[in-house]
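Below is one structure, written out as structure tokens; the observations come after it.
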Amino acid sequence: MDTFPATLLALAVTTPILVGLILLAGRDLPRGFASGFAFGGFALPAVLAPWLLVLWSDPATAPQQFQSVGFWGFGFALNGLGAPLLAMTSLVGFAAGVKALDQEVEGRNTYLGLILFMLGGTLGVFGTNHLVGFYFFHEFALIPTFVLTLFWGGEGRRPAAMQMAIYLTAGAMASLAGILIAVDAAGVEYGAATFENVALGLQNAKHLPAAVGALVLFGLGTLASLFPFHSWAAPGYSAAPTPVSMLHAGALKKFGLYGIILLGLSSLDITGGALGSWFLWFAVANVLLVGLICLAQRDLKQLLSWSSVAHMGPVFLGIWVCGVTGQADGLDAAAFLMVAHGLSCAALFLLANAVRARAGTYRLDELGGLAARTPVLAAFFVAATMASVGLPGFGNFWGEVGVFLALRAQPLWLQAVVASTVVISAVYALRAVAATFFGPASEALEKRWAVAPFGDLGWAERAAAGVLLGASLTIGFVPSLVTRSVNPVAAGVTTYSQHNAKAPAKAAQPAQR
Amino acid sequence: MPADLTSLVHWILFLPLGAAAFSALFLRRAGGFAAWFSTAAAFAVAGLSLYVLAQGADVRWHVELAKFGGVSLGFGYLLDANARLMLFVVSFVAAWIHLFSVGYMQEDAARGRFFAGLSVFMFSILGIVVADNLLMTFVYWELVGFSSYMLIAHYFDKDFAAAASKKAFITNRVGDLGFILGIAMCLSLYGTLDFAALKDHAAAAKTIPVTVGALLMCGFLGKSAQFPLHVWLTDAMAGPTPVSALIHAATMVAAGVYFMARVSFLLAPEVLQFIAISGAGMAALAGLCALAQTDIKKSLAYSTLAHLGIMGCALGLGHPELALLHMAMHAFFKATLFLGAGSVIHGCHHEQDMLRMGGLLKKMPLTAATFVAATFSNCAVPFLAGWYSKDAIIEAAWHGGHVAIFAFLSLAALATCLYSGRMLRLVFLGEANSEEAAHAHESPWTMTLPLVVLGLVYSVAGGFLASTLLPAGSLQPVKPALDAIAFHLAAPSTIVGLLSLVVGFLGALKFYGSVRGADALQAVSPRTYHLLEHRWMDGLYRWYVDAVQRRVAELVAFLDLLLINGVAGRWVGGGVPAVLGYLTGRSFHRGQARAYALWIVVGSLFLAWFLIAR
Chain A
13 MDTFPATLLA LAVTTPILVG LILLAGRDLP RGFASGFAFG GFALPAVLAP WLLVLWSDPA
73 TAPQQFQSVG FWGFGFALNG LGAPLLAMTS LVGFAAGVKA LDQEVEGRNT YLGLILFMLG
133 GTLGVFGTNH LVGFYFFHEF ALIPTFVLTL FWGGEGRRPA AMQMAIYLTA GAMASLAGIL
193 IAVDAAGVEY GAATFENVAL GLQNAKHLPA AVGALVLFGL GTLASLFPFH SWAAPGYSAA
253 PTPVSMLHAG ALKKFGLYGI ILLGLSSLDI TGGALGSWFL WFAVANVLLV GLICLAQRDL
313 KQLLSWSSVA HMGPVFLGIW VCGVTGQADG LDAAAFLMVA HGLSCAALFL LANAVRARAG
373 TYRLDELGGL AARTPVLAAF FVAATMASVG LPGFGNFWGE VGVFLALRAQ PLWLQAVVAS
433 TVVISAVYAL RAVAATFFGP ASEALEKRWA VAPFGDLGWA ERAAAGVLLG ASLTIGFVPS
493 LVTRSVNPVA AGVTTYSQHN AKAPAKAAQP AQR
Chain B
291 MPADLTSLVH WILFLPLGAA AFSALFLRRA GGFAAWFSTA AAFAVAGLSL YVLAQGADVR
351 WHVELAKFGG VSLGFGYLLD ANARLMLFVV SFVAAWIHLF SVGYMQEDAA RGRFFAGLSV
411 FMFSILGIVV ADNLLMTFVY WELVGFSSYM LIAHYFDKDF AAAASKKAFI TNRVGDLGFI
471 LGIAMCLSLY GTLDFAALKD HAAAAKTIPV TVGALLMCGF LGKSAQFPLH VWLTDAMAGP
531 TPVSALIHAA TMVAAGVYFM ARVSFLLAPE VLQFIAISGA GMAALAGLCA LAQTDIKKSL
591 AYSTLAHLGI MGCALGLGHP ELALLHMAMH AFFKATLFLG AGSVIHGCHH EQDMLRMGGL
651 LKKMPLTAAT FVAATFSNCA VPFLAGWYSK DAIIEAAWHG GHVAIFAFLS LAALATCLYS
711 GRMLRLVFLG EANSEEAAHA HESPWTMTLP LVVLGLVYSV AGGFLASTLL PAGSLQPVKP
771 ALDAIAFHLA APSTIVGLLS LVVGFLGALK FYGSVRGADA LQAVSPRTYH LLEHRWMDGL
831 YRWYVDAVQR RVAELVAFLD LLLINGVAGR WVGGGVPAVL GYLTGRSFHR GQARAYALWI
891 VVGSLFLAWF LIAR
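Put into structure tokens, the structure is as follows:
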């Protein structure tokens with residue numbers, strides 16, 4: 013590979029940041045100019061990143077090693093796990109951008125600039141394999157998230173933003189401590205502290221105490237809304253403005269998982285011993301307890317926020333089972349689910365906002381019968397819901413089923429509890445669809461319609477949702493687009509994880525790779 | 291030759307999907323065109339399937355979609371004799387039901403959505419038929435559930451349709467939960483999900499674990515609406531009548547039977563025994579319950595439940611070929627009965643209550659003639675389609691010495707004749723019991739032609755056609771089974787059947803003629819009627835949802851808020867820093883979010899600088 017793709021990568025990451033800087037500096041830039049400029053900042057990565065994924069998933073062009081290019085002392089580099097996440101983030105960012113451009117807000121240029129920062133930071137996390145770069149971009153994406161939620165959020169934004177800031181800062185501190193100790197123990201210079209070098213370095217180092225793994229797992233787990241560090245998540249996603257909810261629940265939380273996989277799983281034995289048991293129980297709680305909490309929700313956006321927490325359960329379990337069995341299939345499936353969930357979750361937040369814009373509420377008991385007035389919105393919403401409950405054809409199916417299959421050698425009760433998500437998620441998701449769209453029109457809706465008749469889904473919203481659902485369908489029909497890119501990294505991480513575990517896993521079957 | 295057939299199977303499978311995508315994207319407002327477009331695709335698929343059946347060659351084809359670690363996710367076809375028969379039955383019945391729908395849905399504003407849904411269903415069900423591995427079967431299985439959901443919810447502005455669609459999807463998912471666990475167990479035990487490879491493994495293994503079959507069976511219980519997951523099927527009649535005919539009578543619910551026959555080598559004897567007994571019980575009970583329904587479609591839905599029980603019973607008795615034969619015959623006559631009901635409903639201006647019908651024989655002669663023919667087939671009058679399969683199954687129970695099962699099935703045969711006689715009496719004989727029935731009219735040709743083809747040709751002559759005109763196909767795999775149980779006209783089953791026919795059918799005609807505008811059984815014995823009408827399992831599930839699930843969910847949500855968010859998060863997590871902050875002075879804590887944000891930025895930049903410069 014020449015340096016051409018690396019330049020593309022650097023362009024994809026830096027464009028939104030530079031455009032964001034200009035918009036922040038030029039608060040008084042004319043509206044049309046700012047809009048066009050911002051659109052470019054959202055659109056360019058959405059072209060470049062999927063292209064990179066296509067290159068990475070083709071054996072003829074995929075890099076054999078992590079590619080990187082020097083930039084301010086840390087490298088932009090794209091590995092096979094980052095490639096699909098980068099592509100997903102770019103599409104979620106594009107959809108969020110289209111939505112943001114469609115909104116009327118105060119301080120529009122600052123708003124757009126901060127969202128571009130979020131996007132650029134998130135792309136940066138997946139576009140580096142360097143721990144310093146990882147941490148830097150992770151903070152870079154989170155800070156605008158707090159600010160956006162605080163100033164542009166909806167109901168209850170102040171307590172939600174503060175709670176989110178406290179949780180995520182605490183989580184960041186914990187994970188930073190873990191990262192520093194791990195890098196130090198691996199004996200690598202910070203300039204060379206890539207995920208791979210740390211994993212290699214730790215192979216020859218003295219085994220680290222489990223507390224280090226705990227710092228990384230729970231620190232980054234907070235970001236990925238691992239039970240019981242999830243309390244910030246649902247209020248945080250709910251209170252945020254829609255483009256921020258889309259990016260945050262869709263893309264940002266995945267970099268917690270990205271770090272857990274590339275540092276925690278590969279180097280810090282997070283699935284072994286007592287820590288592994290805690291990890292398992294917390295992940296099961298994500299599926300079961302948070303699933304039950306979803307059933308108790310009465311507000312559409314709250315429900316989506318909570319379900320986004322619940323859907324992380326199978327991802328965590330995929331990561332866990334990979335460490336336990338020493339086989340890569342769980343990790344492949346978890347990565348697939350991370351990508352697919354980002355797309356479906358962002359689509360649902362977008363469409364739920366479209367519901368609110370028309371019906372004036374998120375409350376399920378005041379909604380009802382919207383499908384007769386807005387058939388296109390209903391069709392999109394049903395499709396996004398089906399994607400999120402793992403209907404085949406959409407990407408989420410492969411991820412969920414892959415995790416279930418990866419758990420095949422575990423006790424039947426554990427498999428049953430995890431797979432119960434297919435029933436629980438169907439119950440709350442279809443209940444929400446029926447309450448929002450089906451049945452006769454609610455009284456509140458009739459009144460609103462009489463005062464101000466509303467139209468069906470607009471072209472901007474159609475385009476944004478269409479991109480997300482189209483991408484989910486694409487990886488649903490052509491799963492190799494993701495798996496070919498992820499497979500080598502998952503295999504590598506699995507090998508490192510076995511080297512760095514205290515007691516190598518008793519593999520249920522001989523590894524078939 | 292095989293390569294040719296593979297490309298034909300591509301066409302058979304993907305033509306409906308293409309039609310669905312095209313209709314959904316471009317024909318939403320052009321309902322009339324969408325209807326004919328979908329119908330043309332369905333007839334093309336039926337033609338291709340007939341050709342494949344006549345060719346009689348097996349097809350094996352497989353590609354790898356992706357890999358998760360060492361697990362290969364494959365897509366492929368396994369077309370054997372059973373699959374060819376099923377392919378033909380499904381696509382042939384479906385094509386005529388498409389044509390029927392053109393007339394039936396003429397006034398419907400959302401025809402584009404309806405026909406797109408039918409086409410998605412076609413793709414999914416044909417996928418189940420041709421799939422060569424468990425995972426792809428599960429994929430199509432879920433898609434069938436989805437298309438069923440969308441079509442039941444066709445009249446989504448009605449509360450009952452919204453509730454029924456949700457119930458169908460969720461009940462099926464409960465079954466699918468077991469199904470996916472069974473798939474995981476197969477992969478764990480045998481390292482493959484491929485049907486052919488699994489069959490080899492099963493043949494090599496001395497015993498098959500009961501759990502494997504029991505878990506796979508869960509999928510069948512959901513999709514084929516078997517006890518205790520049968521509750522969704524009667525509610526599913528909320529969908530348009532052609533949907534009830536195609537999906538909830540002829541094909542989708544039979545997919546469970548087909549799947550069980552496909553993996554019969556994975557079913558341990560205990561599992562088979564359970565299926566046989568529960569199927570026989572279901573057949574008898576559902577047949578009797580059909581007597582306590584006044585809605586013509588719901589009464590037919592119970593009849594479907596009963597026949598699915600009979601098919602399950604055949605599976606359990608170790609005769610998957612007979613189960614498939616009955617599935618095929620049932621598809622023809624039950625589709626005719628449902629389409630006939632649709633024609634009656636259409637003719638009576640959307641009246642579905644049988645007590646408000648009556649005297650339609652003269653007003654709708656073609657509909658009546660086909661309905662009567664299909665009813666006779668349903669009641670297993672000798673030499674009609676239903677007789678070949680249903681009485682053969684009863685005979686198999688007798689031949690195998692399963693007395694209890696034979697008794698249940700005989701009761702089911704009697705119940706069939708009773709509800710069939712009642713239906714004919716209430717709908718077609720006597721005088722009109724309402725304005726709607728008095729002004730009933732015969733349906734247009736698009737609706738009566740499918741009735742004639744499916745009803746007269748196949749319900750009546752189905753057995754003859756299958757055994758003579760298509761030598762390469764249908765009946766051949768069943769011959770050994772029929773010979774083994776020595777099935778013939780003077781067999782015990784036929785004698786029981788003929789007795790039921792005389793007693794049940796004639797008795798029902800007389801009994802239900804005795805009261806006008808009301809149900810005779812309800813008039814004579816309200817308690818018995820209530821016992822059969824009441825939906826006991828629904829009550830149990832409703833209690834579970836309201837009293838258990840909802841309360842547990844609310845309790846967990848409350849405890850999460852109180853303990854994790856409140857005590858742990860705010861008091862401990864917030865209290866300690868608060869005390870520290872108080873002790874270190876208040877100079878930084880001015881309550882300004884901008885200042886906090888600034889400090890976070892400064893801090894992270896400092897940290898980044900420190901790390902890089904070190």
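In the order they appear, the protein sequences are chains A and B. Just so you know, we're using this note's numbering here: the first sequence kicks off at 13 and counts up by one. Just so you know, we're using this note's numbering here: the second sequence kicks off at 291 and counts up by one. For every residue, glycine included, the Cβ atom is placed at its ideal position computed from N, Cα and C. As the structure is a prediction and not an experimental result, all values here were calculated from the model.
Is the beta carbon of residue j closer than 8 Å to that of residue i?
i      : j      : result
L301/A : V429/A : no
V413/A : I470/B : yes
R712/B : L581/B : yes
A474/B : L292/A : no
V110/A : A475/A : yes
T660/B : V742/B : yes
L277/A : I193/A : no
H150/A : A205/A : no
H388/B : L416/B : no
G335/A : T283/A : yes
Taking only beta-carbon atoms, is residue i less than 8 Å away from chain B?
i      : result
L312/A : no
M398/A : yes
E151/A : yes
G451/A : yes
V435/A : yes
P491/A : yes
Q77/A  : Residue placement at Q77/A cannot be trusted, given a pLDDT of 49 that sits under 50; the coordinates are not used to answer.
R420/A : yes
Would a check of beta-carbon distances place residue i closer than 8 Å to chain A?
i      : result
Q516/B : no
L760/B : Residue confidence is low: L760/B scores 44 on pLDDT, short of 50, so the model does not pin down where it sits. No coordinate-derived value is stated.
A781/B : no
W889/B : no
L511/B : no
L272/B : Here chain B comprises residues numbered 291 to 904, so residue 272/B is not present and cannot be evaluated.
N855/B : yes
L471/B : yes
I683/B : no
G763/B : Low per-residue confidence applies at G763/B: pLDDT is 44, beneath 50, and the placement is therefore not dependable, though the value from the model is reported in the following sentence. No, because no Cβ of chain A sits closer than 8 Å to the Cβ of G763/B.
V842/B : yes
E397/B : no
Out of the options, state which residue places its alpha-carbon closest to the alpha-carbon of residue i.
i      : options                           : result
G354/A : R370/A, C334/A and H323/A         : H323/A
A384/B : R806/B, Y831/B, V533/B and S783/B : V533/B
T501/B : A515/B, L556/B and F510/B         : L556/B
R463/B : G481/B, F428/B, H300/B and L343/B : F428/B
L243/B : K513/B, T784/B and W833/B         : Chain B is shown from 291 up to 904; residue 243/B falls before or after that span and cannot be answered.
Check whether the Cβ of residue i sits closer than 7 Å to any heavy atom of the ligand ZN, and report yes or no.
i      : result
T427/B : As far as ligands go, the structure on display features none, and thus does not contain the ligand ZN.
How do the stretch 654–668 of chain B and the stretch 535–545 of chain B stand: do at least 3 beta-carbon pairs fall below 8 Å, yes or no?
-> No: fewer than three Cβ pairs fall under 8 Å.
Stretch pair the stretch 262–271 of chain A + the stretch 225–242 of chain A: three plus CB contacts closer than 8 Å = The stretch 262–271 of chain A vs the stretch 225–242 of chain A: in contact.
Below 8 Å, can you find three or more Cβ-Cβ pairs linking the stretch 111–118 of chain A to the stretch 246–263 of chain A?
-> As far as the Cβ criterion goes, the stretch 111–118 of chain A touches the stretch 246–263 of chain A, which means the pair count is three or higher.
Tell me, please, whether the stretch 683–701 of chain B touches the stretch 609–620 of chain B by the rule of three or more beta-carbon pairs shorter than 8 Å.
yes
Notebook entry, point to check: Can you list the alpha helix (DSSP H) stretches of 4 or more residues lying completely in the stretch 405–492 of chain B, in chain order?
Noted result: 424–442 and 449–480
Inspect the CB distances between the stretch 169–183 of chain A and the stretch 130–145 of chain A and report whether three or more fall short of 8 Å.
no
*Tell me, please, whether the stretch 592–605 of chain B touches the stretch 639–656 of chain B by the rule of three or more beta-carbon pairs shorter than 8 Å.*
no
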